[in-house]
Amino acid sequence: MSARRTLIAGNWKMNGLSADAKALATGLAEKMKAAGDVNFEMLVCPPAIQIPVVATAIAGSGIQLGGQDNHANASGAHTGDTSVAMLKDAGCGYAIVGHSERRTDHGETDAVVKDKAQAAHGAGLVAVICIGETEAERDAGKTLDVNGSQIAGSVPDGSTSANTVIAYEPVWAIGTGRTPTNDEVQEVHAFIRGELAKKVGDAEAAKTRILYGGSMNPGNSKDLLALADVDGGLIGGASLKVDDFWTVAQNA
Ligand code: PGA
12 MSARRTLIAG NWKMNGLSAD AKALATGLAE KMKAAGDVNF EMLVCPPAIQ IPVVATAIAG
72 SGIQLGGQDN HANASGAHTG DTSVAMLKDA GCGYAIVGHS ERRTDHGETD AVVKDKAQAA
132 HGAGLVAVIC IGETEAERDA GKTLDVNGSQ IAGSVPDGST SANTVIAYEP VWAIGTGRTP
192 TNDEVQEVHA FIRGELAKKV GDAEAAKTRI LYGGSMNPGN SKDLLALADV DGGLIGGASL
252 KVDDFWTVAQ NA
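If you read the sequence shown in the working numbering, its first letter stands for residue 12, the second for the next number, and so on.
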């Protein structure tokens, strides 16, 4: 049994209006309160504008709150962006950084992701640093190389098991209903832990949670979450329905 506490994280992306966010958060909070002691931690990452409504709905439930992105700078002329202090002020303990959709839609490089993670650390937030290969990279046999170089480039100095979570999300598995095989997932997670150890040392790497993301759902989560180096999930589509997300959590 691993000392790493399973983290079941929902990435709601750009979905739903405030009434949907409130209903989803309330539904999850009711499940958590009814369940009492659970063997996982639950995190929800709503769209920034819905963080306050979700914060109210989950108060006292034990569910944790995170942003989907943060700016690297503390404040200033950055139209449309959200600072780490704003996330913290709104009740967040976590921030996702470097999601492949941010890397693609906003041209975020490893260096940018690293700066964002560092800013999150500076504010006392846990950075959920996302990495993962594209389908072309996997087909070319570059999966480990790509993930290794993203760990080297995106994980800032000063990262620890307390302030950092890694999310391995093969880009081709996100929202597609396709996943790597369980053996392939375990291979990459074990490799990531080894690469992380080069940055943070063996002891911290052994304690750091590495989440799998990409089409995790009620049906496949039991097997994925049972893998030795999979310490939770970053869940998109299946995090938007109370029952689906709860079933994934129950599979922890
Ligand atoms: P998905 O998204 O579960 O819808 O594949 C996961 C993610 O992108 O975090």
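Note that beta-carbon positions come from the ideal geometry of N, C-alpha and C, so glycine has one too.
query = In angstroms, rounded to a whole number, what distance separates the CA positions of Pro58 and Leu28?
reply = Rounded to the nearest angstrom, the two C-alpha atoms are 9 Å apart.
task = Give the range of the beta strand (DSSP E) segment to which Val137 is assigned.
result = Where Val137 is concerned, the enclosing beta strand (DSSP E) stretches over 137-142.
query = For the ligand PGA, any of its heavy atoms closer than 7 Å to the Cβ of Ala249?
reply = The answer is yes for Ala249.
query = CB of Met97 to nearest heavy atom of the ligand PGA: below 7 Å?
reply = Flag unset: Cβ of Met97 not near the ligand PGA.
task = Classify Gly230 as buried or exposed, calling it buried when 16 or more other Cβ atoms lie within 10 Å of its own Cβ.
result = Under this definition Gly230 is an exposed residue.
query = Quick one: is the Cβ of His132 within less than 7 Å of any heavy atom of the ligand PGA?
reply = No - the ligand PGA has no heavy atom lying nearer than 7 Å to the Cβ of His132.
message = Is the separation between the beta-carbon of Cys141 and that of Gly109 shorter than 8 Å?
response = Their beta carbons are under 8 Å apart, which means Cys141 touches Gly109 by this criterion.
task = List in chain order: all unbroken alpha helix (DSSP H) runs of 4+ residues lying wholly within the region 179-215.
result = You should have 193-211.
message = For Asp194, count the other beta carbons within 10 Å of its own beta carbon; 16 or more makes it buried, fewer makes it exposed. Which is it?
response = Asp194 comes out exposed.
request  = Compute the minimum distance between the beta carbon of Met53 and the heavy atoms of the ligand PGA, and state whether it is under 7 Å.
outcome  = Exclusion of Met53 from the 7 Å shell around the ligand PGA follows from its C-beta lying no nearer than that to any non-hydrogen atom of the ligand.
inquiry  = In whole angstroms, give me the CA-to-CA distance for Met12 and Ile185.
reply    = Residue placement at Met12 cannot be trusted, given a pLDDT of 43 that sits under 50; what the coordinates show is reported in the next sentence. Taking the straight line joining both Cα atoms gives about 28 Å.
inquiry  = Quick check on DSSP: helix, strand or coil for Glu119?
reply    = Coil at Glu119, not helix or strand.
key: Whole-angstrom distance between Met97 and Ile203, CA atom to CA atom   = So the alpha carbons of these two residues sit roughly 31 Å apart.
request  = Select from Phe256, Ile69, Gln79 the residue whose C-alpha is nearest the C-alpha of Lys233.
outcome  = Of the listed residues, the one whose Cα sits closest to Lys233 is Phe256.
key: Whole-Å CB distance - Leu76 paired with Val65, under 8 Å assumed   = Right, their Cβ atoms sit about 6 Å apart.
key: Sequence-distant residues of the same chain with beta carbon closer than 8 Å to Thr93, five excluded per side   = Counting only Cβ-Cβ distances below 8 Å, and skipping sequence neighbours, we find Ala59, Gly78, Asp80, Asn81, His82.
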